[in-house]
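Asker:
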Amino acid sequence: MEDVTSSLNRQKSVDVVFLDFQKAFDKVPHQRLLLRLKSMSVNGNLLSWIGNWLGNREQRVVIKGCDSSWQNVTSGVPQGSVLGHLLFAAYINDIDGDILCTAKKFADDTKLYSEVSSKSDPEKFQADLDKTFSLSQGWQMLFNIDKCKVMNIGSSNQKFTYNLNGVELQEVYVERDLGIFTDSSLQPF
Numbered sequence: 000m001e002d003v004t005s006s007l008n009r010q011k012s013v014d015v016v017f018l019d020f021q022k023a024f025d026k027v028p029h030q031r032l033l034l035r036l037k038s039m040s041v042n043g044n045l046l047s048w049i050g051n052w053l054g055n056r057e058q059r060v061v062i063k064g065c066d067s068s069w070q071n072v073t074s075g076v077p078q079g080s081v082l083g084h085l086l087f088a089a090y091i092n093d094i095d096g097d098i099l100c101t102a103k104k105f106a107d108d109t110k111l112y113s114e115v116s117s118k119s120d121p122e123k124f125q126a127d128l129d130k131t132f133s134l135s136q137g138w139q140m141l142f143n144i145d146k147c148k149v150m151n152i153g154s155s156n157q158k159f160t161y162n163l164n165g166v167e168l169q170e171v172y173v174e175r176d177l178g179i180f181t182d183s184s185l186q187p188f
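Mapping of the sequence shown onto numbering that gives the first Met the number 0: position 31 corresponds to residue 30, and the numbering continues sequentially without gaps.
1. Given this structure, state the Cα-to-Cα distance separating F24 from A106, to the nearest angstrom.
2. How many Å lie between S74 and N8 at the Cα?
3. Is it buried or exposed, G178, if we count other Cβ atoms within 10 angstroms and call 16 or more buried?
4. Please list the segments of the beta strand (DSSP E) lying wholly inside the region 133 to 177, counting only runs of 3 or more residues, in order along the chain.
5. Could you pull out every residue in the same chain whose Cβ sits closer than 7 Å to the Cβ of G153, ignoring the five residues on either side in sequence?
6. Among the candidates K158, N156, N162, whose CA atom is the shortest distance from the CA of D145?
7. Classify Q30 as helix, strand or coil using the three-state DSSP reduction.
8. Can you tell me whether I94 is helix, strand or coil according to DSSP?
9. Taking all protein chains shown into account, decide if S117 is buried (16 or more other Cβ within 10 angstroms of its Cβ) or exposed.
10. Taking E170 as the reference, give the member of H29, L18, D127 with the closest Cα.
11. Tell me, please, which residues DSSP counts as bridged to L99.
12. Classify S155 as buried or exposed, calling it buried when 16 or more other Cβ atoms lie within 10 Å of its own Cβ.
13. Just curious, the alpha helix (DSSP H) that S47 is in, first and last residue?
14. Cβ atoms of W48 and Y90: under 9 Å apart, would you say?
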């Protein structure tokens with residue numbers, strides 16, 4: 000948030016979009032993840048080990064004593080593991096590629112933000128949101144648009160609206176970000 004407060008100290012407004020991936024850790028396709036890791040120069044025994052760790056998993060559903068047949072698991076990274084978070088981060092690493100705004104990522108929490116001091120800034124920020132949405136679709140990581148939020152920060156903020164895939168994002172005045180509540184005036188509460 001240091002760069003946000005720096006902008007505010009210069010009398011600039013900042014718009015922040017908090018993105019929420021739909022079932023983030025459950026949706027990572029194994030084969031695409033392995034391709035991503037290979038493109039990041041992970042190869043040989045390590046890549047094979049990760050492939051074996053992800054593969055060779057089956058699951059079934061049991062409801063009131065009736066169980067389905069076992070099915071191979073072809074997507075998802077185990078959430079309770081250190082490696083699961085690392086693999087997810089590697090998979091979405093370039094979700095913010097080729098954008099002008101700032102992106103901050105931690106595990107499955109992603110936020111994009113930008114100064115909005117000229118009339119063209121909101122249009123540029125929307126273009127960055129559109130690129131990010133398109134990249135997420137291409138990598139089969141969908142956003143839960145109903146949980147994506149926008150926060151307009153700064154006393155002179157004109158409160159622009161933004162959308163993902165044509166759906167207007169809900170404006171919030173308080174949002175929990177990595178366990179800390181942030182409000183649009185950046186005042187402690």
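All C-beta atoms in this analysis are idealised placements derived from N, C-alpha and C, irrespective of residue type, glycine included.
Answerer: If we stick to the structure as given:
1. Sequence index remark: in the sequence shown, residue 24 carries index 25 (1-based). Sequence index remark: in the sequence shown, residue 106 carries index 107 (1-based). Each residue's alpha carbon lies about 9 Å from the other.
2. Here residue 74 is taken as the residue at index 75 of the sequence shown, counted from 1. Here residue 8 is taken as the residue at index 9 of the sequence shown, counted from 1. Their Cα atoms are separated by approximately 45 Å.
3. For this step, residue 178 is matched to residue 179 along the sequence shown. G178 is classed as exposed because its beta carbon has fewer than 16 other beta carbons within 10 Å across all chains shown.
4. 148 to 152, 173 to 176
5. Taking the first residue of the sequence shown as position 1, residue 153 is located at position 154. Same-chain partners within the cutoff: L7, K11, S12, V13.
6. In the sequence shown, the residue the question calls residue 145 occupies position 146. Minimum Cα-Cα distance from D145 among the listed residues K158, N156, N162 corresponds to N162.
7. Stepping through the sequence shown from its first residue, residue 30 is reached at position 31. Residue state, collapsed to three classes: helix.
8. Residue 94 sits at position 95 when you count from the first residue of the sequence shown. If DSSP states are grouped into helix, strand and coil, I94 belongs with coil.
9. Working through the sequence shown from its first residue, we reach residue 117 at position 118. S117 comes out exposed.
10. Taking the sequence shown and counting its residues from 1, one reaches residue 170 at position 171. Among H29, L18, D127, the Cα nearest to that of E170 is on L18.
11. The count along the sequence shown starts at 1 and reaches residue 99 at position 100. Looking at the DSSP assignment, L99 forms no beta bridge with any residue, so it has no partner.
12. Reading the sequence shown from its first residue, position 156 is the one you call residue 155. Under this definition S155 is an exposed residue.
13. Translated into positions along the sequence shown, residue 47 becomes position 48. Counted as a single uninterrupted DSSP element, the alpha helix (DSSP H) harbouring S47 occupies residues 43 to 53.
14. Indexing the sequence shown from 1 puts residue 90 at position 91. Indexing the sequence shown from 1 puts residue 48 at position 49. Against a cut-off of 9 Å, the Cβ pair of W48 and Y90 comes out as no contact.
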